[in-house]
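S.K.: Per this note's numbering, residue 28 is the first one in the sequence shown, and the count goes up by one each step. Cβ coordinates follow ideal geometry from the N, Cα and C atoms, glycine included. For reference, the structure I am asking about is given below.
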Amino acid sequence: MHTRPAHPLRTTAIFVAAATLLCFGIASPVVFGALPEEFAGLIVPVAQLTPLLTALVLFFVLRPGRLSDVFALRWGRSWSGVGVSLAAVVAIGLLQLGAGLATGHTLSSPDAVLIAAAAVPVLLVMQSVFAVGEELGWRGWLVTQLREKPFWLIAGVSAAAWVIWHLPALPLIVGDGGWEPGAAYLLAIASWAPFMVALRLWSGSVWPAVIVHGALNSVRVFLTQSIASGEGVNWLVELAGCVLWLAAAAVLHSRIRSRDARRSEHAPVSAL
């Protein structure tokens, strides 16, 4: 009979540390100049596989259950989850676009916007494929390990783990832009994590999180950086996005609680 790990937080710490060290090992040749920066585009997708690879090793060592259950591979309510996640990306992206235009961002040329828009579907598919390795680790394996914990604890651990894991590869992601783009990026991913955890728990599947990850790296970028832009980091726009994503997570979590309460009310009562 399969059993859950006795110490999920200890298992989580081992998972995050091992995935981060593996990510560092893969990213370090470019970060430290052993390979030219042109290799970053090849290194990042490989580094994105490290959470899944680490989780698979732990899975086969600990044998906590069926692979499809532990990694939340069943489709479940994925269509609903995909719809909710894409709606959230578009709505929050548009609100951030409006905040940017209200605080000094300028519209890009129509030709540039059309070219960027044409690339969005391709980028959505590509970024979703690249996200599989991360999401099966973070919102698949990790959420399963912590599933008995309170939602906001799971969300906080997921956010912290995701931020820590990104640190070794951060120079490859933000380039030479200085500390502000790096800080803004880490703040953004920390704010996305609770929504993605709620999405995983609400849908019962990891696949909506994979799609929303791809949408954040394509649809969101188009709405917040291609239609209009400004110089440097607009912290009002970044903070607005963080607040909105945390609010979206809270709303979805409330839906989960309402659903669970209804199920409890209609559950059969065992005879004494």
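1) Could you tell me which residues DSSP pairs with residue 256 in its beta bridges?
2) State the Cα-Cα distance for the pair residue 285 and residue 70, rounded to the nearest angstrom.
3) Once DSSP output is grouped into helix, strand and coil, what is the label at residue 97?
4) Measuring only the C-alpha atoms, how far is residue 274 from residue 72?
5) When the Cα atoms are used, what is the spatial distance from residue 248 to residue 115?
6) What are the start and end residues of each continuous alpha helix (DSSP H) run of 4 or more residues lying completely inside the segment 47–97, in chain order?
7) Are the CB atoms of residue 252 and residue 35 nearer to each other than 7 angstroms?
8) How would you call residue 142, buried or exposed, if buried means at least 16 neighbouring beta carbons within 10 angstroms?
9) If we ignore side chains and look at the alpha-carbon of each, how far apart do residue 302 and residue 148 end up?
10) Classify residue 288 as buried or exposed, calling it buried when 16 or more other Cβ atoms lie within 10 Å of its own Cβ.
11) Could you tell me the distance, in whole angstroms, from the CA atom of residue 95 to the CA atom of residue 130?
12) Could you check if residue 301 is buried or exposed, using at least 16 other CB atoms within 10 Å of its CB as the buried criterion?
13) Identify whether residue 127 lies in helix, strand or coil by the three-state DSSP scheme.
14) Check this for me: beta carbons of residue 168 and residue 98, under 7 angstroms apart or not?
15) Let me know the secondary structure DSSP gives residue 291 once reduced to three states.
16) List the whole-angstrom C-beta distance separating residue 218 from residue 268, where the pair is believed to meet the contact cut-off of C-beta under 8 angstroms.
M.R.: If we stick to the structure as given:
1) 133
2) 43 angstroms
3) helix
4) 30 angstroms
5) 14 angstroms
6) 67–74, 77–89 and 94–97
7) no
8) exposed
9) Residue 302 cannot be examined here, being either before or after the span of the chain that is shown, 28 to 299.
10) exposed
11) 47 angstroms
12) What is shown of the chain runs 28 to 299, which leaves residue 301 out entirely.
13) helix
14) yes
15) helix
16) 7 angstroms
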